[in-house]
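Report on one structure; see the data block that follows.
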Amino acid sequence: MEIVGGERDLALTALPDAVLRPASGNAFENTVEQLARAIRLGVLADGEQLPPERDLAERLGVSRNTLREAIAALRDSGLVTTKRGRGGGTTVTYAAELPASSGGVPGTFVRSGAAMLDALTFRRVVEPGAAWLAATQPLAGDQRAWLTESLREVEEAADAAAHRVADSRLHLAIATLSGSPMLVDAVTRAQAALHDMLLAIPVLRRNIEHSDIQHHQVVEAILGGDPDRAREVMEEHCDATSALLRGLIG
């Protein structure tokens, strides 16, 4: 399925618009944190340009000078590059990290057992709720197409790293379609914690196949307007991932 016209615009803008929130507290540090997290989760994908400076500063509620300093920090970290002059801009240059069994650095995730269980419990509460709420929404045609395309990107991912990014984007799309900004924030936090944990374990083909079946069932339930089914399958999905992580990380 190819996204065209307004549907393509939704696919490119909906996640950044939903995930990037006005900075709080330490504006510079919070801006760096939000942009870096969005890049690592694939919300701002490799090869994509960041939104125009004025728009992005307004979205984050910071001055353009603070935004420039944050982008400089991202550039120093190798997450973006900037081209000056006409036709220039800042482009994401982040290659998704490889899980341990795919040539990446063996697991470096360090978290106490209690903290890991807390993160998994948090996810188990917020993500099924987001799926339930998304299934109750009167989704427009472009929203339905975006969700379907997000699922296709997961199922057709070229490798383990691409699959992890597409997986995050699908979960964040579901949260966005719930219509609750607070749920989007919660799912973003859950996915960020999950991303770090999954990098610490090998990629298991059987698990990916099982996960893709559950993704398909969740999307089917949302598009079919069946909130109880959407929540049930998402709970099963979260439980399966939690079991794997508890077993392999400890």
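Residue numbers (UniProt numbering): 1 to 250. Just so you know, even glycine gets a beta-carbon here, dropped at the ideal spot from N, CA and C.
Three-state secondary structure (DSSP) of residue i
{"i": "Val203", "result": "coil"}
{"i": "Thr93", "result": "coil"}
{"i": "residue 312", "result": "Outside the modelled stretch of the chain, which goes from 1 to 250, sits residue 312, for which no answer is possible."}
{"i": "Val80", "result": "strand"}
{"i": "Gln49", "result": "strand"}
{"i": "Arg86", "result": "coil"}
{"i": "Leu248", "result": "helix"}
{"i": "Arg21", "result": "coil"}
{"i": "Val62", "result": "coil"}
{"i": "Leu139", "result": "coil"}
{"i": "Gly113", "result": "helix"}
Separation of residue j from residue i, as counted between CA atoms
{"i": "Glu53", "j": "Pro202", "result": "39 angstroms"}
{"i": "Ala221", "j": "His195", "result": "25 angstroms"}
{"i": "Ile174", "j": "Gly88", "result": "33 angstroms"}
{"i": "Arg86", "j": "Met182", "result": "38 angstroms"}
{"i": "residue 258", "j": "Ala27", "result": "Here the chain comprises residues numbered 1 to 250, so residue 258 is not present and cannot be evaluated."}
{"i": "Met120", "j": "Glu58", "result": "The amino acid occupying residue 120 in the given sequence is Leu; Met does not appear at that position. Distance between the alpha carbons of Leu120 and Glu58: 33 angstroms."}
{"i": "His163", "j": "Asn65", "result": "35 angstroms"}
{"i": "Cys238", "j": "Ala131", "result": "12 angstroms"}
8 angstroms Cβ shell around residue i - same chain, five flanking residues per side excluded
{"i": "Glu235", "result": "Arg124, Pro128"}
{"i": "Leu151", "result": "Leu170, His215, His216, Val219"}
Spatial neighbours of residue i in its chain, beta-carbon cut-off 7 angstroms, leaving aside the 5 residues before and after
{"i": "Val19", "result": "Ala38, Val43, Leu172, Val184, Thr188"}
{"i": "Pro16", "result": "Ala38, Val43, Leu44, Pro51"}
Residue burial classification, residue i (beta-carbon count within 10 angstroms, cutoff 16)
{"i": "Arg205", "result": "exposed"}
Residues near residue i in its chain [Cβ-Cβ closer than 6 angstroms; skip 5 each side]
{"i": "Ser242", "result": "Leu120"}
> Going along the chain, which unbroken runs of the alpha helix (DSSP H) with 4 or more residues stay wholly within the stretch 145-179?
Replying inline: 160-177
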